[in-house]
Amino acid sequence: MNEQVTSEPVLKVLGGFLAANYLFAANEMGVFAAIGSDTKTVEEIAALITAPPRTTRILVDALVATGFLQKENGRYQNSPVAATFLSGQTPMDLRPIINLWDKVVSPQWDTLVESLRENRQTFGLNEFNQQQHQFFAKGVATLTAPSAQALVQQYDFSAHQSVLDIAGGMGVFLTTILQQYPHLQGTLFELPVTANMARQRISALPIADRTHIAEGDILDDPVPTGHDAFILANAIHIFSPEKNQAILRKIHAAAPDNARLLLIDFWTDPAHIQPQFAALMAGEFQIFSGEGDVYSVQEVYDWLEACGWQPIGHHHLAGAASLISAQKA
0 MNEQVTSEPV LKVLGGFLAA NYLFAANEMG VFAAIGSDTK TVEEIAALIT APPRTTRILV
60 DALVATGFLQ KENGRYQNSP VAATFLSGQT PMDLRPIINL WDKVVSPQWD TLVESLRENR
120 QTFGLNEFNQ QQHQFFAKGV ATLTAPSAQA LVQQYDFSAH QSVLDIAGGM GVFLTTILQQ
180 YPHLQGTLFE LPVTANMARQ RISALPIADR THIAEGDILD DPVPTGHDAF ILANAIHIFS
240 PEKNQAILRK IHAAAPDNAR LLLIDFWTDP AHIQPQFAAL MAGEFQIFSG EGDVYSVQEV
300 YDWLEACGWQ PIGHHHLAGA ASLISAQKA
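If you want it as structure tokens, here you go:
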């Protein structure tokens with residue numbers, strides 16, 4: 000007997016839109032932080048987030064329905080997930096990612112149809128206001144932190160002397176590596192706006208004296224030399240295949256013999272549909288640059304070989320992110 004077709008998959012996706020917006024509202028209004036490790040009534044929560052009890056009840060009941068709060072005898076408490084990741088009470092604070100999705104990604108995706116139909120950038124860095132630049136940098140840093148931790152567990156940097164983190168955002172990969180390997184020097188190569196934010200973050204870290212910052216554009220400026228390991232994380236998805244190969248050649252020209260290149264991104268299967276999160280993010284990259292996409296492992300292997308690199312392997316890091324490593328041929 001044929002399986003009955005229902006509308007449940009459609010309604011599930013649409014419900015996800017509603018659930019995400021409740022999460023955005025709760026984060027902005029400080030619901031999870033207000034509840035903390037305690038249990039509270041609707042009236043107590045309403046007073047803390049400065050909202051009427053009636054509308055607060057709408058919000059917190061929706062959060063119970065989506066699993067972020069728990070309710071018993073008229074009192075609400077954070078679920079284990081919310082307490083760990085959304086309350087601000089642990090080091091594993093994902094609120095910067097919520098801010099990124101709410102304040103940057105959500106308005107970006109209002110332009111998805113326009114970007115797809117016209118094949119152009121509709122909401123990139125140049126369209127960000129100052130607050131969105133901050134949300135973007137901090138959100139991406141938080142999103143990539145698990146991959147950075149996984150990288151230092153999987154790749155041995157002992158034989159290297161100096162690491163260049165290209166288009167490395169707030170320097171999460173670089174600083175994680177330097178904290179794990181005290182003998183290493185490192186340089187972050189970034190656009191001026193992001194480099195300034197990275198300086199503020201890095202200056203407070205114990206590895207600040209081993210971390211250098213070079214301002215520049217990977218497309219227009221030479222790649223800094225004097226390094227034997229190169230990291231390019233979450234950048235290739237911004238550019239076209241042609242530009243990506245130009246970038247790989249520029250890095251090759253700056254690299255000494257036997258240098259290593261570590262590429263971290265949402266690398267996909269040959270059909271570009273797995274991991275699912277990677278497939279969904281392709282639209283974000285298109286909106287952001289007008290030429291962005293997700294690429295398969297084999298596509299990247301082919302580019303590397305064409306640009307003078309010998310692929311070494313592909314390894315999962317965290318979530319949908321994975322590592323492709325190569326050596327200068």
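Its first residue numbered 0, the sequence shown is counted upward by one per residue in numbering that gives the first Met the number 0. Backbone N, C-alpha and C define an ideal beta-carbon position, used for all residues, glycine too. Predicted, not measured: the structure shown is a model, and the values here were computed from it.
Who are the Cβ neighbours of residue i in its own chain at under 8 Å, not counting the five residues just before and after it?
i, result
"Phe276", "Phe265, Gly318, Ala319"
"Tyr154", "Leu261, Leu322, Ser324"
"Phe127", "Val103, Phe135"
"Leu316", "Pro145, Ser146, Ala149, Leu150, Gln153, Ile263, Leu322"
"Phe284", "His236, Ile237, Gly291, Asp292, Val293"
"Gly35", "Asn77, Ser86, Gln88"
What's the C-alpha gap between residue i and residue j?
i, j, result
"Ile97", "Met196", "19 Å"
"Leu115", "Thr267", "21 Å"
"Gln148", "His159", "18 Å"
"Glu7", "Gly14", "10 Å"
"Asn1", "Asp101", "41 Å"
"Asn20", "Ile57", "13 Å"
"Pro52", "Ala45", "5 Å"
"Asp227", "Ser295", "26 Å"
"His313", "Leu22", "34 Å"
"Ala203", "Gln76", "34 Å"
"Asp164", "Ile230", "5 Å"
"Ser157", "Cys306", "26 Å"
"Lys137", "Thr193", "10 Å"
"Val59", "Asp256", "59 Å"
"Tyr180", "His211", "16 Å"
"Val139", "Leu99", "8 Å"
I'd like the list of long-range same chain contacts for residue i, defined as Cβ closer than 6 Å, with 5 residues on each side in sequence excluded.
i, result
"Ala232", "Phe172, Ile263"
"Gln184", "Ser161, Arg209"
"Phe67", "Ser78, Ala81"
"Arg200", "Met169"
"Gln107", "Phe122, Ile286"
Could you check what DSSP says for residue i in three-state terms: helix, strand or coil?
i, result
"Thr65", "coil"
"Thr175", "helix"
"Glu290", "coil"
"Thr210", "strand"
"Val139", "helix"
"His315", "strand"
"Glu2", "coil"
"Asp109", "coil"
"Asp164", "strand"
"Ser86", "coil"
"Ile272", "coil"
Tell me which residue opens and which closes the beta strand (DSSP E) that residue i is part of.
i, result
"Asn77", "74-77"
"Phe188", "184-189"
Which residue comes first and which comes last in the alpha helix (DSSP H) that contains residue i?
i, result
"Arg259", "Premise fails: Arg259 lies in the beta strand (DSSP E), 259-264, not in any alpha helix (DSSP H)."
"Lys11", "7-28"
"Gln120", "Taken as a continuous stretch (DSSP letters only), Gln120 belongs to no alpha helix (DSSP H), as it is neither H nor E."
Got a sec? Which residues, its chain only, sit under 7 Å from residue i by beta carbon, not counting five neighbours each side?
i, result
"Gln178", "Ile206"
"Arg94", "Asn26, Leu85, Gly87"
"Ala61", "Tyr21"
CB of residue i to nearest heavy atom of the ligand NAP: below 8 Å?
i, result
"Pro274", "No copy of the ligand NAP occurs in the structure displayed, which carries no ligand at all."
Output yes if chain C places a C-beta closer than 9 Å to the C-beta of residue i; else output no.
i, result
"Gln76", "The question asks about chain C, but that chain is absent: this structure has only one protein chain."
Counting only runs that start and end within the segment 218-254, where is the beta strand (DSSP E) found for 3 or more residues in a row? 228-232
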